[in-house]
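K.L.:
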Ligand SMILES: *Cc1c(COP(=O)(O)O)cnc(C)c1O
Ligand SMILES: [Zn+2]
């Protein structure tokens, strides 16, 4: 069942939906495009109310999850679905920073976000809380993998029926990572953009709550918490520069909105943060629009190992380009080999195993530093958005093998000696 209007508790600060293009306003229902101009709808808030009711102390007294920022999120409920999402570590990088020549580098580690080890748990926690408020009993999504995992898991927790759609050629870990929660899983023979088109039709005919289609304005607000947390974890300060991956571009634009909201209500001092975006060369329509200085996106057909960010026709791509330009940031793309090297580099220097999207971010970070586009003195935050155990295929064949030995000391000593000799030889090759 779908209700047409949302109830709103007296304590909530969200006001309405507003078209990002023409400014037309709508009630807080399940819709995502403007009836007049087809622009995307975004949630608005009463910032003077927030300024008067939210302080650093009220936030710190809240739960150790994204719901400490509940007043900045589009839910009316006092009891949102809380599966411990958010408040992931912001790790000060020493070894990667030194390797790249940066002085103040941080890794925001959503590879360990709860419950399904990607940043998508943030957006889904918000979307499903709102879906319940709007009266949906079946929830769904068009996914590149992680979103299906999150939707299936959090729907299971909340007792909602769930049917999720993915491209059929996803990594085994992403498929298993949905099936374990027993949703209906539709593996569509096609790429993400085809999955998404199909889902738009299903949303119209079945009246389900699609987290990233008809519930998209609520869903996308969840990504602001990646901005809020970094500001709070830096001691209520904004960084100088952020680097984040781009799929639809939504995450990127919402970190920006999060920083601006904290500034607007006086929780942090305003500052110009440079926004840099990362794409895989095999699916880089946002990078191309940025580089060619275009104000429109030319859709592409994805072909990359970074499947979680392989969206050929990105809904928020043009807004991401705008933000990178007006903040003095950049958008870069890297190839599949660089992505694998990025995954290995982060693992070897920081002990963080990220998936291909994170490899893309680290490879782009490296490329931007080498090109002089990130100043060594800047406080820089790299957003790691997913977990490497879900994309094991990507690194298979690039990470060596275990040394199999007998359960005997001499077998161990022989193997150890051989591996040290091999290491020395490799080093000699590097040196010549
Ligand atoms: C979905 C996803 C992104 C980017 O999402 P958008 O908001 O669509 O740009 C980044 N990293 C990972 C791991 C993802 O699953
Ligand atoms: Zn409009």
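Numbering (my numbering), first residue to last: 13 to 444.
Every residue, glycine too, gets a C-beta built ideally from N, C-alpha and C.
Evaluate contact between the segment 358–366 and the segment 105–112, counting only Cβ atoms and requiring at least three cross-stretch pairs below 8 Å.
P.N.:
yes
K.L.:
Report the partner residues of residue 392 according to the DSSP bridge assignment.
P.N.:
Taking the first residue of the chain shown as position 1, residue 392 is located at position 380. For residue 392, which the question treats as bridged, DSSP gives the partners 117 and 253.
K.L.:
Do residue 77 and ligand 1 come close, with the Cβ less than 7 Å from some heavy atom?
P.N.:
Taking the first residue of the chain shown as position 1, residue 77 is located at position 65. No - ligand 1 has no heavy atom lying nearer than 7 Å to the Cβ of residue 77.
K.L.:
Ligand 2 heavy atoms versus the CB of residue 36: any closer than 7 Å?
P.N.:
Against the chain shown, residue 36 aligns to sequence position 24. At least one heavy atom of ligand 2 falls within 7 Å of the beta-carbon of residue 36.
K.L.:
If we require 4 or more residues per run, which alpha helix (DSSP H) segments fall completely within the segment 197–228?
P.N.:
204–218
K.L.:
Using a Cβ-based criterion (distance less than 7 Å to any ligand heavy atom), does residue 261 qualify as near ligand 1?
P.N.:
Along the chain shown, one-based indexing puts residue 261 at 249. Residue 261: yes, Cβ under 7 Å from ligand 1.
K.L.:
For residue 313, count neighbouring C-beta atoms within 10 Å of its own C-beta (all shown protein chains included) and say buried if the count is 16 or more, exposed if not.
P.N.:
By one-based count along the chain shown, residue 313 stands at place 301. So residue 313 ends up on the exposed side.
K.L.:
Residues in the same chain with beta-carbon distance under 7 Å from residue 68, minus the five sequence neighbours each way, listed in chain order, please.
P.N.:
Along the chain shown, read from residue 1 onward, the residue named residue 68 stands at position 56. Counting only Cβ-Cβ distances below 7 Å, and skipping sequence neighbours, we find 248 and 279.
K.L.:
Under a three-way DSSP split, which group does residue 130 fall into?
P.N.:
Taking the first residue of the chain shown as 1, we reach residue 130 at position 118. Correct three-state label for residue 130: strand.
K.L.:
By alpha-carbon positions, which one of 42, 233, 358 and 194 ends up nearest to residue 133?
P.N.:
The residue you call residue 133 lines up with position 121 of the chain shown. Answer by Cα proximity: 233.
K.L.:
In whole angstroms, give me the CA-to-CA distance for residue 207 and residue 137.
P.N.:
Locating residue 207 in the chain shown gives position 195, where the first residue counts as 1. Locating residue 137 in the chain shown gives position 125, where the first residue counts as 1. Those two C-alpha atoms are separated by around 22 Å.
K.L.:
Where in the segment 341–420 do unbroken runs of the alpha helix (DSSP H), each at least 4 residues long, occur, reported from the N-terminal end onward?
P.N.:
348–362, 368–382 and 404–407
K.L.:
Please name the residue, chosen from 239, 32 and 76, that lies closest to residue 48 on a Cα-to-Cα basis.
P.N.:
Counting from one through the chain shown, the residue named residue 48 turns up at place 36. Checking every option, the nearest Cα to that of residue 48 belongs to 32.
K.L.:
Using CA coordinates, which residue listed in 368, 413 and 410 is at the minimum distance from residue 401?
P.N.:
In the chain shown, counting from the first residue as 1, residue 401 sits at position 389. For residue 401, the nearest C-alpha among the options comes from 368.
K.L.:
To which residues does DSSP link residue 150 through a beta bridge?
P.N.:
Position 138 of the chain shown, counted from the first residue, corresponds to residue 150. DSSP output for residue 150 lists 173 as bridge partner(s).
K.L.:
For residue 410, count neighbouring Cβ atoms within 10 angstroms of its own Cβ and tell me buried if that reaches 16, exposed if not.
P.N.:
Within the chain shown, numbered from 1, the residue matching residue 410 stands at position 398. Result: exposed.
K.L.:
For residue 30, list the residues DSSP reports as bridge partners.
P.N.:
As a first step, residue 30 is located in the chain shown; it is residue number 18 there, counting from the start. Residue 30 is bridged to 37 and 54.
K.L.:
Cβ-heavy atom distance between residue 132 and ligand 1 below 7 Å?
P.N.:
Translated into positions along the chain shown, residue 132 becomes position 120. True, at least one ligand heavy atom lies under 7 Å from that Cβ.
K.L.:
Closest by CA to residue 156, which one among 147, 176, 387 and 148?
P.N.:
To locate residue 156, count along the chain shown from 1; it is residue 144. With distances taken between Cα atoms, residue 156 lies closest to 176.
K.L.:
Is any heavy atom in ligand 2 found nearer than 7 Å to the beta carbon of residue 31?
P.N.:
Locating residue 31 in the chain shown gives position 19, where the first residue counts as 1. At least one heavy atom of ligand 2 is nearer than 7 Å to the Cβ of residue 31, so yes.
K.L.:
Spatial neighbours of residue 13 within its chain, please: CB distance less than 6 Å, with the 5 preceding and 5 following residues excluded, ordered by chain position.
P.N.:
If you number the chain shown from 1, residue 13 lands on position 1. Bear in mind that the predicted position of residue 13 carries a pLDDT of just 37, short of 50, making it unreliable; the figure below should be weighed with that in mind. Same-chain partners within the cutoff: 147.
K.L.:
Along the chain, where does the alpha helix (DSSP H) that runs through residue 242 open and close?
P.N.:
Within the chain shown, the letter at position 230 stands for residue 242. Note, residue 242: alpha helix (DSSP H), 236–245.
K.L.:
From which residue to which residue does the alpha helix (DSSP H) around residue 63 run?
P.N.:
For the purposes of this step, residue 63 is taken as residue 51 along the chain shown, with counting starting at 1. Annotation for residue 63: the continuous alpha helix (DSSP H) segment containing it runs 59–65.
K.L.:
Please confirm whether residue 36 has its beta-carbon closer than 8 Å to some beta-carbon of chain D.
P.N.:
Checking the listed chains, one finds no chain D in this structure; it contains a single protein chain.
K.L.:
State whether the segment 155–174 contacts the segment 425–444, with contact taken as three or more CB pairs (one from each stretch) at a distance under 8 Å.
P.N.:
no
K.L.:
For my contact list, residue 252 and residue 294 are in at a C-beta cut-off of 8 Å; report their separation, rounded to the angstrom.
P.N.:
Along the chain shown, one-based indexing puts residue 252 at 240. Along the chain shown, one-based indexing puts residue 294 at 282. Incorrect: roughly 30 Å between the Cβ atoms, too far for contact.
K.L.:
Quick check on the burial criterion: 16 or more other C-beta atoms within 10 angstroms. Buried or exposed for residue 78?
P.N.:
Translated into positions along the chain shown, residue 78 becomes position 66. With 16 or more Cβ atoms within 10 Å of its Cβ, residue 78 is classed as buried.
K.L.:
Taking only the alpha-carbon atoms, compute the straight-line gap between residue 221 and residue 151 and give it to the nearest angstrom.
P.N.:
As a first step, residue 221 must be located in the chain shown, where it is residue number 209. As a first step, residue 151 must be located in the chain shown, where it is residue number 139. Rounded to the nearest angstrom, the two C-alpha atoms are 5 Å apart.
K.L.:
List the residues that DSSP assigns as beta-bridge partners of residue 440.
P.N.:
Working through the chain shown from its first residue, we reach residue 440 at position 428. Answer by DSSP bridge pairing: none, since residue 440 is not bridged.
K.L.:
Under the rule that 16 or more other beta-carbon atoms within 10 Å means buried, what is residue 320, buried or exposed?
P.N.:
Translated into positions along the chain shown, residue 320 becomes position 308. Buried.
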